[in-house]
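*Asks:* Supplied in structure tokens, the structure appears directly below.
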Amino acid sequence: MKIEIIRKLDILLDLQNEDNTYQINLINSIKQDLINEWNASDDYAQQIREVLDMDNTYELLNNIKIR
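Going letter by letter, the sequence shown gives residues 1 to 67 in my numbering.
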């Protein structure tokens, strides 16, 4: 989904006339803001996984046997 959004923004950039710097700058700004937000979100998710030791936790949960 993220890649599709970036590709669509790139298409919009390609369609812009070089004289229309406002729209070009706006699209570039939106694109960069999205990338920054996604990176921050991914970093946060990674920190959560590390703190909770998600791989080990899931493995332990999978090994629980209820009688």
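We treat Cβ as the ideally placed atom computed from N, Cα and C, and that holds for glycine.
1. Measure the Cβ-Cβ separation of Lys31 and Leu52 and say whether it is below 8 Å.
2. Assuming Gln16 and Ile24 form a contact by the criterion Cβ under 8 Å, report the distance between their Cβ atoms to the nearest whole angstrom.
3. Along the chain, where does the alpha helix (DSSP H) containing Lys31 start, and where does it finish?
4. Just how far apart, CA to CA, sit Asn20 and Asp33?
*Replies:* Looking at the atomic coordinates:
1. no
2. Gln16 to Ile24, Cβ: 5 Å. Contact.
3. Thr21 to Leu52
4. Each residue's alpha carbon lies about 20 Å from the other.
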